[in-house]
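Participant: Residue numbers (UniProt numbering): 1 to 255. Glycine included, every Cβ here is placed at the ideal spot set by N, Cα and C. This structure is a prediction, so every number in the text was calculated from the model and none was measured. A single structure is presented below for examination.
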(Lines of atoms letter the chains of each structure in order from A; the text may use other names.)
(Lines give C-alpha, C1' and ligand atoms only; values in the text may rest on other atoms or scores of the structure.)
Protein backbone atom coordinates (compact mmCIF):
# COMPACT_ATOMS: atom_id res chain seq x y z
CA UNK A 1 0.00 0.00 0.00
CA UNK A 2 2.78 2.34 0.97
CA UNK A 3 4.67 1.65 -2.27
CA UNK A 4 1.54 2.48 -4.27
CA UNK A 5 1.16 5.81 -2.45
CA UNK A 6 4.79 6.69 -3.15
CA UNK A 7 4.40 5.79 -6.81
CA UNK A 8 1.25 7.90 -7.05
CA UNK A 9 3.04 10.84 -5.41
CA UNK A 10 5.96 10.59 -7.84
CA UNK A 11 3.63 10.52 -10.86
CA UNK A 12 1.72 13.53 -9.52
CA UNK A 13 4.96 15.43 -8.95
CA UNK A 14 6.15 14.68 -12.49
CA UNK A 15 2.83 15.80 -13.94
CA UNK A 16 3.01 19.05 -11.96
CA UNK A 17 6.53 19.77 -13.23
CA UNK A 18 5.46 18.96 -16.78
CA UNK A 19 2.42 21.21 -16.61
CA UNK A 20 4.49 24.02 -15.12
CA UNK A 21 6.99 23.67 -17.96
CA UNK A 22 4.23 23.77 -20.55
CA UNK A 23 2.73 26.80 -18.84
CA UNK A 24 6.11 28.55 -18.94
CA UNK A 25 6.48 27.78 -22.63
CA UNK A 26 2.97 29.00 -23.29
CA UNK A 27 3.60 32.27 -21.42
CA UNK A 28 7.07 32.86 -22.85
CA UNK A 29 7.07 36.09 -24.85
CA UNK A 30 8.39 36.03 -28.41
CA UNK A 31 11.66 37.96 -28.67
CA UNK A 32 12.21 40.64 -31.33
CA UNK A 33 15.77 41.91 -31.95
CA UNK A 34 15.31 45.47 -33.19
CA UNK A 35 17.81 48.14 -34.21
CA UNK A 36 18.12 51.19 -31.95
CA UNK A 37 18.02 53.53 -34.96
CA UNK A 38 14.26 53.02 -35.09
CA UNK A 39 13.62 52.77 -31.34
CA UNK A 40 11.22 55.73 -31.15
CA UNK A 41 9.16 54.18 -33.95
CA UNK A 42 9.28 50.66 -32.51
CA UNK A 43 7.90 51.99 -29.22
CA UNK A 44 4.83 53.24 -31.10
CA UNK A 45 4.50 50.28 -33.46
CA UNK A 46 4.79 47.35 -31.04
CA UNK A 47 1.76 48.26 -28.87
CA UNK A 48 -0.38 48.46 -32.02
CA UNK A 49 0.83 45.04 -33.15
CA UNK A 50 0.26 43.52 -29.71
CA UNK A 51 -3.26 44.90 -29.59
CA UNK A 52 -4.16 43.71 -33.08
CA UNK A 53 -2.96 40.14 -32.52
CA UNK A 54 -3.64 39.92 -28.78
CA UNK A 55 -0.03 39.02 -28.03
CA UNK A 56 2.79 40.36 -25.88
CA UNK A 57 6.31 40.54 -27.25
CA UNK A 58 9.67 41.26 -25.71
CA UNK A 59 11.93 43.62 -27.64
CA UNK A 60 15.65 44.22 -27.33
CA UNK A 61 16.88 47.47 -28.89
CA UNK A 62 20.55 47.67 -29.71
CA UNK A 63 23.25 48.19 -32.29
CA UNK A 64 23.00 46.02 -35.37
CA UNK A 65 26.28 44.24 -34.65
CA UNK A 66 25.51 43.49 -31.02
CA UNK A 67 22.06 42.16 -31.89
CA UNK A 68 23.52 39.88 -34.54
CA UNK A 69 26.13 38.59 -32.11
CA UNK A 70 23.40 37.93 -29.54
CA UNK A 71 21.31 36.07 -32.10
CA UNK A 72 24.23 33.86 -33.10
CA UNK A 73 25.24 33.12 -29.51
CA UNK A 74 21.84 32.62 -27.87
CA UNK A 75 20.08 31.22 -30.95
CA UNK A 76 16.94 32.99 -29.74
CA UNK A 77 14.70 35.51 -31.47
CA UNK A 78 11.79 35.64 -33.88
CA UNK A 79 12.96 38.52 -36.06
CA UNK A 80 16.23 40.41 -36.54
CA UNK A 81 16.24 44.00 -37.77
CA UNK A 82 19.55 45.79 -38.45
CA UNK A 83 19.79 49.46 -39.42
CA UNK A 84 21.77 48.91 -42.61
CA UNK A 85 22.02 46.11 -45.21
CA UNK A 86 25.61 45.09 -44.44
CA UNK A 87 24.55 43.47 -41.18
CA UNK A 88 21.65 41.67 -42.81
CA UNK A 89 23.99 40.42 -45.54
CA UNK A 90 26.24 38.98 -42.84
CA UNK A 91 23.24 37.40 -41.09
CA UNK A 92 22.30 35.73 -44.38
CA UNK A 93 25.87 34.52 -44.96
CA UNK A 94 26.01 33.15 -41.42
CA UNK A 95 22.73 31.32 -41.99
CA UNK A 96 20.89 32.83 -39.00
CA UNK A 97 18.02 34.42 -40.95
CA UNK A 98 15.75 33.21 -43.72
CA UNK A 99 16.92 35.13 -46.85
CA UNK A 100 13.48 34.74 -48.43
CA UNK A 101 11.95 36.88 -45.68
CA UNK A 102 14.35 39.85 -45.85
CA UNK A 103 12.24 43.00 -46.13
CA UNK A 104 13.23 46.66 -46.36
CA UNK A 105 11.34 48.82 -43.85
CA UNK A 106 12.66 52.37 -44.28
CA UNK A 107 15.77 54.30 -45.28
CA UNK A 108 17.94 56.70 -43.32
CA UNK A 109 20.05 59.77 -44.09
CA UNK A 110 23.40 60.74 -42.60
CA UNK A 111 23.49 64.06 -40.73
CA UNK A 112 25.30 66.17 -38.19
CA UNK A 113 23.18 66.29 -35.04
CA UNK A 114 23.65 69.39 -32.89
CA UNK A 115 21.90 71.06 -29.94
CA UNK A 116 19.08 73.32 -31.15
CA UNK A 117 20.98 76.52 -30.27
CA UNK A 118 24.30 75.43 -31.77
CA UNK A 119 26.22 77.84 -34.02
CA UNK A 120 27.18 74.91 -36.27
CA UNK A 121 25.38 75.21 -39.60
CA UNK A 122 27.42 73.07 -41.96
CA UNK A 123 30.04 70.35 -42.28
CA UNK A 124 32.58 73.08 -43.01
CA UNK A 125 31.78 74.73 -39.65
CA UNK A 126 32.29 71.42 -37.88
CA UNK A 127 35.58 70.67 -39.60
CA UNK A 128 37.08 74.12 -39.02
CA UNK A 129 35.80 74.71 -35.48
CA UNK A 130 37.07 73.44 -32.14
CA UNK A 131 34.15 71.14 -31.34
CA UNK A 132 33.66 67.98 -29.30
CA UNK A 133 32.06 65.31 -31.48
CA UNK A 134 30.44 61.97 -30.66
CA UNK A 135 30.04 58.99 -32.95
CA UNK A 136 28.58 55.53 -32.66
CA UNK A 137 30.86 52.50 -32.38
CA UNK A 138 32.67 52.02 -35.68
CA UNK A 139 32.22 48.24 -35.86
CA UNK A 140 29.03 47.15 -34.14
CA UNK A 141 26.90 50.27 -34.69
CA UNK A 142 25.47 50.74 -38.19
CA UNK A 143 25.69 54.53 -38.31
CA UNK A 144 29.24 54.53 -36.94
CA UNK A 145 30.46 52.10 -39.61
CA UNK A 146 28.50 53.91 -42.34
CA UNK A 147 29.71 57.39 -41.33
CA UNK A 148 33.38 56.35 -41.21
CA UNK A 149 33.18 54.76 -44.65
CA UNK A 150 31.38 57.82 -46.04
CA UNK A 151 33.96 60.26 -44.66
CA UNK A 152 36.81 58.08 -45.92
CA UNK A 153 35.27 58.15 -49.40
CA UNK A 154 34.97 61.96 -49.15
CA UNK A 155 38.52 62.42 -47.86
CA UNK A 156 37.32 63.94 -44.56
CA UNK A 157 37.89 61.15 -42.07
CA UNK A 158 41.33 62.27 -40.89
CA UNK A 159 40.01 65.79 -40.19
CA UNK A 160 37.00 64.55 -38.23
CA UNK A 161 38.58 61.66 -36.32
CA UNK A 162 40.57 64.00 -34.08
CA UNK A 163 37.42 65.77 -32.92
CA UNK A 164 35.67 62.61 -31.74
CA UNK A 165 35.82 62.35 -27.95
CA UNK A 166 33.50 59.38 -27.42
CA UNK A 167 31.90 56.43 -29.20
CA UNK A 168 28.49 55.25 -28.03
CA UNK A 169 27.12 51.72 -28.03
CA UNK A 170 24.10 52.52 -30.21
CA UNK A 171 22.26 55.34 -31.98
CA UNK A 172 19.77 55.86 -29.16
CA UNK A 173 22.57 56.74 -26.74
CA UNK A 174 24.24 58.90 -29.37
CA UNK A 175 21.17 61.12 -29.79
CA UNK A 176 20.79 61.39 -26.02
CA UNK A 177 24.27 62.94 -25.73
CA UNK A 178 23.25 65.72 -28.11
CA UNK A 179 19.86 66.27 -26.44
CA UNK A 180 21.57 66.57 -23.05
CA UNK A 181 24.16 68.99 -24.42
CA UNK A 182 27.07 66.72 -23.47
CA UNK A 183 28.74 67.10 -26.88
CA UNK A 184 28.82 69.87 -29.48
CA UNK A 185 27.79 67.54 -32.29
CA UNK A 186 27.27 63.92 -33.26
CA UNK A 187 27.42 62.14 -36.58
CA UNK A 188 24.20 60.16 -36.84
CA UNK A 189 20.94 59.67 -38.67
CA UNK A 190 18.81 62.73 -39.47
CA UNK A 191 15.82 61.17 -37.66
CA UNK A 192 17.50 62.17 -34.40
CA UNK A 193 15.86 65.58 -34.80
CA UNK A 194 12.40 64.00 -34.64
CA UNK A 195 13.29 62.17 -31.44
CA UNK A 196 13.95 65.47 -29.65
CA UNK A 197 12.55 68.20 -31.93
CA UNK A 198 13.04 71.00 -29.39
CA UNK A 199 16.56 69.97 -28.43
CA UNK A 200 18.24 68.47 -31.49
CA UNK A 201 18.76 69.95 -34.94
CA UNK A 202 19.85 67.86 -37.95
CA UNK A 203 22.18 69.14 -40.64
CA UNK A 204 21.95 66.83 -43.68
CA UNK A 205 25.29 65.65 -45.07
CA UNK A 206 25.85 65.61 -48.81
CA UNK A 207 28.81 63.24 -48.96
CA UNK A 208 29.69 60.13 -50.92
CA UNK A 209 28.23 56.98 -49.36
CA UNK A 210 29.15 53.29 -49.76
CA UNK A 211 25.57 52.03 -50.00
CA UNK A 212 21.94 52.98 -49.35
CA UNK A 213 21.42 52.93 -45.56
CA UNK A 214 18.10 51.16 -45.25
CA UNK A 215 16.59 49.35 -42.27
CA UNK A 216 15.70 45.72 -42.94
CA UNK A 217 14.00 42.89 -41.08
CA UNK A 218 13.87 39.11 -41.48
CA UNK A 219 12.63 35.99 -39.72
CA UNK A 220 15.45 34.22 -37.90
CA UNK A 221 16.49 30.59 -38.28
CA UNK A 222 15.58 30.07 -34.62
CA UNK A 223 12.04 31.50 -34.72
CA UNK A 224 9.61 29.47 -32.61
CA UNK A 225 6.57 31.17 -34.11
CA UNK A 226 7.21 31.88 -37.78
CA UNK A 227 3.59 32.76 -38.34
CA UNK A 228 3.72 35.57 -35.79
CA UNK A 229 7.06 36.77 -37.12
CA UNK A 230 5.65 36.89 -40.66
CA UNK A 231 2.60 38.80 -39.41
CA UNK A 232 4.86 41.38 -37.78
CA UNK A 233 6.84 41.95 -40.97
CA UNK A 234 3.60 42.31 -42.91
CA UNK A 235 2.24 44.64 -40.23
CA UNK A 236 5.09 47.06 -40.90
CA UNK A 237 3.51 47.76 -44.29
CA UNK A 238 0.19 48.84 -42.76
CA UNK A 239 -0.80 52.49 -43.47
CA UNK A 240 -0.80 53.41 -39.76
CA UNK A 241 2.74 52.11 -39.37
CA UNK A 242 3.90 53.88 -42.52
CA UNK A 243 2.43 57.10 -41.14
CA UNK A 244 4.34 56.69 -37.87
CA UNK A 245 7.56 56.25 -39.80
CA UNK A 246 6.93 59.33 -41.94
CA UNK A 247 6.13 61.47 -38.91
CA UNK A 248 9.41 60.44 -37.31
CA UNK A 249 11.44 61.30 -40.41
CA UNK A 250 12.07 57.85 -41.84
CA UNK A 251 11.90 57.40 -45.61
CA UNK A 252 9.36 54.63 -46.13
CA UNK A 253 9.76 52.15 -48.96
CA UNK A 254 7.70 49.36 -50.43
CA UNK A 255 10.15 46.59 -51.22
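Just how far apart, CA to CA, sit residue 218 and residue 150?
Facilitator: In the chain shown, residue 218 corresponds to position 218, counting from 1. In the chain shown, residue 150 corresponds to position 150, counting from 1. Rounded to the nearest angstrom, the two C-alpha atoms are 26 angstroms apart.
Participant: Starting from the C-beta of residue 147, find all residues in its chain whose C-beta is less than 7 angstroms away, skip the five residues before and the five after it, and write them out in chain order.
Facilitator: Taking the first residue of the chain shown as 1, we reach residue 147 at position 147. Around residue 147: 110, 135 and 187.
Participant: Do you know offhand how far residue 244's Cα is from residue 233's?
Facilitator: Residue numbering aside, residue 244 sits at position 244 when the chain shown is read from its first letter. Residue numbering aside, residue 233 sits at position 233 when the chain shown is read from its first letter. When rounded, the distance between both Cα atoms is 15 angstroms.
Participant: Cα separation between residue 84 and residue 129?
Facilitator: For the purposes of this step, residue 84 is identified with residue 84 of the chain shown, where counting begins at 1. For the purposes of this step, residue 129 is identified with residue 129 of the chain shown, where counting begins at 1. Distance between the alpha carbons of residue 84 and residue 129 is about 30 angstroms.
Participant: Among 108, 106, 88 and 107, which residue has its Cα nearest to the Cα of residue 99?
Facilitator: Start at 1 with the first residue of the chain shown, and residue 99 comes out as number 99. Out of 108, 106, 88 and 107, 88 has the C-alpha closest to the C-alpha of residue 99.
Participant: For residue 108, I'd like the list of residues in its chain whose CB is within less than 6 angstroms of its CB, leaving aside the five on either flank, ordered along the chain.
Facilitator: Within the chain shown, residue 108 is the residue found at index 108, counting from 1. Once the five neighbours on either side are set aside, the close Cβ partners of residue 108 are 189 and 213.
Participant: Please report how far the alpha carbon of residue 132 lies from the alpha carbon of residue 144, in whole angstroms.
Facilitator: Numbered from 1 along the chain shown, position 132 holds the residue referred to as residue 132. Numbered from 1 along the chain shown, position 144 holds the residue referred to as residue 144. Answer to the nearest angstrom: the Cα atoms are 16 angstroms apart.
Participant: Among the candidates 162, 210, 198 and 82, whose CA atom is the shortest distance from the CA of residue 118?
Facilitator: Within the chain shown, residue 118 is the residue found at index 118, counting from 1. Cα-wise, what sits closest to residue 118 is 198.
Participant: Taking residue 55 as the reference, give the member of 229, 177, 209 and 171 with the closest Cα.
Facilitator: Against the chain shown, residue 55 aligns to sequence position 55. The option with the nearest alpha carbon to residue 55 is 229.
Participant: Along the beta strand (DSSP E) that carries residue 253, what are the first and last residues, could you check?
Facilitator: Counted from its first residue, the chain shown places residue 253 at position 253. It is not in any beta strand (DSSP E) - residue 253 carries neither H nor E in the DSSP assignment.
Participant: What do you reckon, are the CB atoms on residue 248 and residue 51 nearer than 9 angstroms?
Facilitator: Here residue 248 corresponds to residue number 248 of the chain shown, with the count starting at 1. Here residue 51 corresponds to residue number 51 of the chain shown, with the count starting at 1. It is not a contact, given that the beta carbons lie outside the stated cut-off.
Participant: Which full runs of the beta strand (DSSP E) of 3+ residues lie inside the stretch 48 to 109, going along the chain?
Facilitator: The stretch 48 to 109 contains these whole beta strand (DSSP E) runs: 58 to 62, 79 to 81 and 103 to 107.
Participant: Is residue 156 near residue 178, with beta carbons less than 9 angstroms apart?
Facilitator: The residue given as residue 156 occupies position 156 in the chain shown. The residue given as residue 178 occupies position 178 in the chain shown. Their beta carbons are not under 9 angstroms apart, which means residue 156 does not touch residue 178 by this criterion.
Participant: Exposed or buried, residue 94, counting other C-beta atoms within 10 Å across all chains shown (16 or more means buried)?
Facilitator: For the purposes of this step, residue 94 is taken as the residue at position 94 of the chain shown. Classification of residue 94: exposed, given that the 10 Å Cβ count is below 16.
Participant: Looking only at C-alpha atoms, which of 65, 30 and 46 sits nearest to residue 268?
Facilitator: Since the first and last residues shown for the chain are 1 and 255, residue 268 lies out of range.
Participant: Please classify residue 170 as buried or exposed, where buried requires at least 16 other C-beta atoms within 10 Å of its C-beta.
Facilitator: Numbered from 1 along the chain shown, position 170 holds the residue referred to as residue 170. Residue 170 comes out buried.
Participant: How would you write the range of the alpha helix (DSSP H) that residue 121 sits in, first residue to last?
Facilitator: Numbered from its first residue, the chain shown carries residue 121 at position 121. Residue 121 -> no alpha helix (DSSP H), and no H or E assigned at all.
Participant: What residue does the alpha helix (DSSP H) around residue 159 start on, and which one ends it?
Facilitator: Within the chain shown, numbered from 1, the residue matching residue 159 stands at position 159. Where residue 159 is concerned, the enclosing alpha helix (DSSP H) stretches over 157 to 161.
Participant: Residue 31 lies in the alpha helix (DSSP H); which residues open and close that run?
Facilitator: As a position in the chain shown, residue 31 is number 31, starting the count at 1. Premise fails: residue 31 lies in the beta strand (DSSP E), 31 to 35, not in any alpha helix (DSSP H).
Participant: Using a Cβ-Cβ cutoff of less than 6 angstroms, which residues in the same chain neighbour residue 172 once the five nearest sequence positions on both sides are dropped?
Facilitator: Mapped onto the chain shown, residue 172 falls at position 172. Once the five neighbours on either side are set aside, the close Cβ partners of residue 172 are 36 and 39.
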